[in-house]
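**Q** Structure incoming, see below.
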Amino acid sequence: MKTPLIAALLLAASLAHATALSDALTAYDDGNLKAAAKGFAESAQRGEALGQFNLAMMNLRRELPGASDAKAWQWLQRAAAQQHALAENALGEMIEQGRHGRLDPKAACGWFERAAEHGNGDGALATATCYYLGRGRAQDMAQAHRWYLEAAKGGDVGAQYIVASMFETGLGVAADDRLARYWYDVAAKNGDDAAKAKVKAMDARDASGPGQV
35 MKTPLIAALL
45 LAASLAHATA
55 LSDALTAYDD
65 GNLKAAAKGF
75 AESAQRGEAL
85 GQFNLAMMNL
95 RRELPGASDA
105 KAWQWLQRAA
115 AQQHALAENA
125 LGEMIEQGRH
135 GRLDPKAACG
145 WFERAAEHGN
155 GDGALATATC
165 YYLGRGRAQD
175 MAQAHRWYLE
185 AAKGGDVGAQ
195 YIVASMFETG
205 LGVAADDRLA
215 RYWYDVAAKN
225 GDDAAKAKVK
235 AMDARDASGP
245 GQV
């Protein structure tokens, strides 16, 4: 059991580390890459996933002296080991973009799915596409719908339209006009022109009555 003094010291250290990482993020936003890199590196060395992720991204963007994809991969791996969803998704993107050895759709989809399972919207969208296209995963429209729906709930407009279409046609899910109309409406309100046209067409159909075109 920690004594009150030790507990207080640990809390103070934790708060100091959080402040240092926050300062690094602020420095990055202000364009002070040197200060940001120093702060992220210190955070990464302490084993903090967010610092590891940000240091990896600076390597990917070539914002550091001696930056490389290999260093980015190393830091992303460390962050992903802590189930950092952004890092998991970034690993999938590196593989998909050919920035870590040969193209390997199966491995890329594996990372995307891990990111999706940990709540990452981009990972959910990428995972859905893996299943939809049968690229890196056996084609499975039910799984595609599942993950497009997660991405749609996270605000991805393209996913919202796809989910609506899948509900309308019964692709990968039981057909449901009510849910199709709901997701077309969501996508339309988020600026999707095709969804706006769909909502208009469905409204016109409903207004014409049963059996009318």
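All residue numbers for the sequence shown refer to the working numbering, where the first residue is 35 and numbers rise by one.
In this text, a Cβ means the ideal position worked out from N, Cα and C, and glycines have one as well.
#1: Three-state secondary structure (DSSP) at residue 118?
#2: In the DSSP assignment, the alpha helix (DSSP H) including residue 67 goes from what residue to what residue?
#3: Residue 220 and residue 194: beta carbons closer than 8 Å?
#4: Is residue 87 near residue 113, with beta carbons less than 8 Å apart?
#5: Helix, strand or coil, according to DSSP, for residue 209 in the structure here?
#6: For residue 63, which of helix, strand or coil comes out of DSSP?
#7: Hey, residue 120 and residue 154 are a contact pair by Cβ (cut 8 Å); roughly how many whole angstroms apart?
#8: In chain order, which alpha helix (DSSP H) runs of at least 4 residues are fully inside the segment 188-238?
#9: In whole angstroms, what is the alpha-carbon distance linking residue 148 and residue 123?
#10: Mind reading off the beta-carbon distance from residue 125 to residue 110? Whole number of angstroms is fine, and I expect it under 8 Å.
#11: Could you tell me the distance, in whole angstroms, from the CA atom of residue 303 to the CA atom of residue 197?
#12: Assign residue 179 to one of three DSSP states: helix, strand, or coil.
#13: Find out if the Cβ-Cβ distance for the pair residue 152, residue 117 is shorter than 8 Å.
#14: Assign residue 203 to one of two classes, buried (16 or more other C-beta atoms within 10 Å of its C-beta) or exposed (fewer than that).
#15: Whose C-beta lies closer than 6 Å to the C-beta of residue 226 among residues of the same chain, with five residues either side of it excluded?
#16: From residue 14 to residue 180, what does the alpha carbon distance come to, in whole angstroms?
**A** Put simply:
#1: coil
#2: 67-79
#3: Yes; because the gap between Cβ atoms is below 8 Å, this pair is in contact.
#4: yes
#5: Secondary structure of residue 209 (DSSP, three-state): coil.
#6: helix
#7: 6 Å
#8: 191-203 and 211-223
#9: 8 Å
#10: With a Cβ gap of about 5 Å, residue 125 and residue 110 count as contacting.
#11: With the chain covering 35 to 247 only, the question about residue 303 has no answer from this structure.
#12: The answer is helix: DSSP assigns residue 179 an H, G or I state.
#13: Less than 8 Å separates the beta-carbon of residue 152 from that of residue 117.
#14: exposed
#15: 191 and 195
#16: Since the first residue of the chain shown is 35 and the last is 247, residue 14 is not available in this structure.
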